[in-house]
Amino acid sequence: MATNIRVGAVQAEPVWLDLEGSVNKTISLIESAAADGVQVLGFPEVWIPGYPWSMWTSSVIENTHIIHEYMANSMPRDSDEMKRIQAAVKRAGMFVVLGYSERDGGSLYMGQSFISPDGEIAHHRRKIKPTHVERTIWGEGQAESLKCVVPSPFGKIGGLNCWEHLQPLLRYYEYSQGVQIHVASWPAEFEMPDPKKIAWLYHETGEASYRASQFMAMEGQCFVLIASQILTEKNLEKNNLVGNPVTKTPGGGFSMIFGPDGKPLCEPLGDGDEGILKANVNLRDIDYPKTFIDPVGHCKETPKSRNCLVGFIRRVFERNSNARPDLLSLLVNPTRDTHVTTMAK
């Protein structure tokens, strides 16, 4: 496995409510990144067909027409549109974490597909708990979505959506899976609005989301690629966002690439600018911060390892680890609940 990797994070405006246009733009970004040598590329949350911000600023009734179009332009995982994207990834020879609104029958999910350099979906997950009003549009992920790290020729690649980064047990479980490069997929998030116009919470801003992603890099000692959407004035009306005090345009972007100690590794784009942020990283750079802090830094000893060299190394490393499974541990249920269960005769 290579240790010197070129990574990229997308900051761009979706082709709103347009599946075909979204796929075309996705392929164009993949091709552009590949031309610049990118090997791991992250896309924003529900990049296809864009994050419908008006669900936060208008009533359900006022957004009915948008949601109807949104369903029609969400993408099934096994679709011709997805196959086009997979083919583009294969041509590029890169690893892509793609965020999209996934249509499955009459339901939508906030999906992330991990597409390998051979164009196969190596893993697929769904946001396990959509945030607040998001639950009126998207369903919840099940047990298979707890897995959020997959091996690749470019290291162990992880990914979470938006406020999944504020779920400490989910982050902890990702660290336990050995993540090295993490894709933090976000929608557009804007600066703090005028308090005279609306009461708003700081945690619902681009600055706060940036900090949450940076903290994950420090806490998990992994490279973090923030991929975020932007919004421009010409698309306010299409998104039913004209006149609200929150979605300032052009804006919404806060993409960045962090090292495993939390250090920014590239120059940011303006919050209303499109582009692909890029950085050359060395996976061996993870080792140094791991020696300072590692929340899941050792494996439980087995009787066979207790008297061997491996057991000795583990016991030495435990002294530098912040993990205390004798006091605190995480219980994970790997069983997927289904709507229909066939009884055995």
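Quick note on numbering: the sequence shown equals residues 37 to 381 in the numbering used here. We put the CB at the ideal spot given by N, CA and C, even for glycine.
Problem set entry | Contacting residues, own chain, Cβ-Cβ under 8 Å from Lys340 (five flanking each side not counted) | Summary for Lys340: the model assigns pLDDT 46, below 50, so the residue's position carries little reliability; its value from the coordinates is reported in the next sentence. Correct list: empty, nothing qualifies.
Problem set entry | Rounded straight-line distance, which links the Cα of Asp323 to that of Gly142 | 46 Å
For this session: Please report how far the alpha carbon of Pro153 lies from the alpha carbon of Phe259, in whole angstroms.
Result: Separation of Pro153 and Phe259 (C-alpha to C-alpha, rounded to the nearest whole angstrom) is 19 Å.
For this session: Compare the C-alpha of Leu382 against each of Ala263, Ile157, Thr268 and Pro331 and name the closest.
Result: Missing from the structure shown is residue 382; the chain here goes from 37 to 381 and no further.
Exercise. Cα separation between Gly242 and Lys126?
Worked result: 33 Å
For this session: My understanding is that Pro138 touches Ser110, with C-beta atoms under 8 Å, so please give their C-beta distance in whole angstroms.
Result: Per the sequence presented here, residue 138 reads as Glu, with Pro not at that position. Indeed they touch by this definition, with Cβ atoms about 7 Å apart.
Problem set entry | DSSP-derived helix/strand/coil call for Gln216 | coil
Exercise. Of the residues Val59, Leu272 and Leu182, which one's Cα is nearest the Cα of Ser212?
Worked result: Comparing Cα positions, the closest option is Leu182.
Problem set entry | Other residues of its chain near Glu81: CB distance less than 7 Å, five sequence neighbours each side excluded | Tyr87, Gly135, Met146, Asn197, Cys198, Ser221, Trp222 and Pro223
Exercise. Excluding sequence positions up to five away, which residues of its chain have a Cβ less than 8 Å from the Cβ of Arg355?
Worked result: With a pLDDT of only 48 at Arg355, under 50, the local geometry of the prediction cannot be trusted, and the value read off the model is given with reservation. Closer than 8 Å at Cβ, skipping near neighbours: no residue.
Problem set entry | Residue(s) in a DSSP beta bridge with Glu77 | Sequence check: residue 77 is Leu here, not Glu. Leu77 is bridged to Gly44 and Val132.
Exercise. With 16 other CB atoms within 10 Å as the buried threshold, where does Gly287 fall?
Worked result: buried
For this session: Take Ser115 as the anchor and find which of Trp92, Asp140 and Phe79 has the nearest alpha-carbon.
Result: Shortest Cα-Cα distance from Ser115 to any of Trp92, Asp140 and Phe79 involves Asp140.
Exercise. When the distance is taken between beta carbons, is Val219 closer than 7 Å to Val185?
Worked result: no
Problem set entry | Test item: CB-CB of Trp174 and Pro187 under 7 Å | no
Problem set entry | Of the residues Pro50, Ser291 and Gln148, the one placed nearest Pro85, counting alpha carbons only | Pro50
For this session: Counting only the same chain and skipping the five closest in sequence on each side, list residues whose C-beta sits under 7 Å from that of Ile234.
Result: Cβ neighbours of Ile234 beyond the five flanking positions: Pro281 and Val282.
For this session: Evaluate Ala179 with the Cβ neighbour count: other Cβ atoms within 10 Å of its Cβ, from every protein chain shown; 16 or more gives buried, anything less gives exposed.
Result: Label assigned to Ala179: exposed.
For this session: Determine the burial state of Leu366: buried for a count of at least 16 other Cβ atoms within 10 Å of its Cβ, exposed for fewer.
Result: exposed
Exercise. What is the rounded straight-line gap between the Cα of Gly289 and the Cα of Lys381?
Worked result: 55 Å
Exercise. Counting along the chain, where does the beta strand (DSSP E) carrying Tyr145 start and finish?
Worked result: Ser143 to Ile151
For this session: Mind checking which residues open and close the alpha helix (DSSP H) that includes His403?
Result: Given a span of 37 to 381 for the chain in the structure shown, any question on residue 403 remains unanswerable.
Exercise. Taking buried to mean at least 16 other C-beta atoms within 10 Å of its own C-beta, is Lys368 buried or exposed?
Worked result: What sits at residue 368 in the sequence shown is Val, not Lys. An exposed status is given to Val368, since fewer than 16 other beta-carbon atoms sit within 10 Å of its beta-carbon.
Problem set entry | Supposed close pair Thr39, Leu319 - CB separation, criterion 8 Å | Yes, they are in contact, since the Cβ atoms of Thr39 and Leu319 sit about 4 Å apart, within 8 Å.
For this session: Using a threshold of 7 Å, state whether the C-beta atoms of Ser58 and Asn276 are closer than that.
Result: no
Exercise. Distance, Cα to Cα, Met421 vs Thr377?
Worked result: Coverage of the chain is limited to positions 37 through 381, which leaves residue 421 absent and any answer about it impossible.
Exercise. When burial is assigned at 16 or more other CB atoms within 10 Å of the CB, is Phe328 buried or exposed?
Worked result: exposed
Exercise. In terms of residues, what are the limits of the beta strand (DSSP E) holding Arg162?
Worked result: Ile157 to Arg162
For this session: With DSSP as the reference, label Ile329 as helix, strand or coil.
Result: coil
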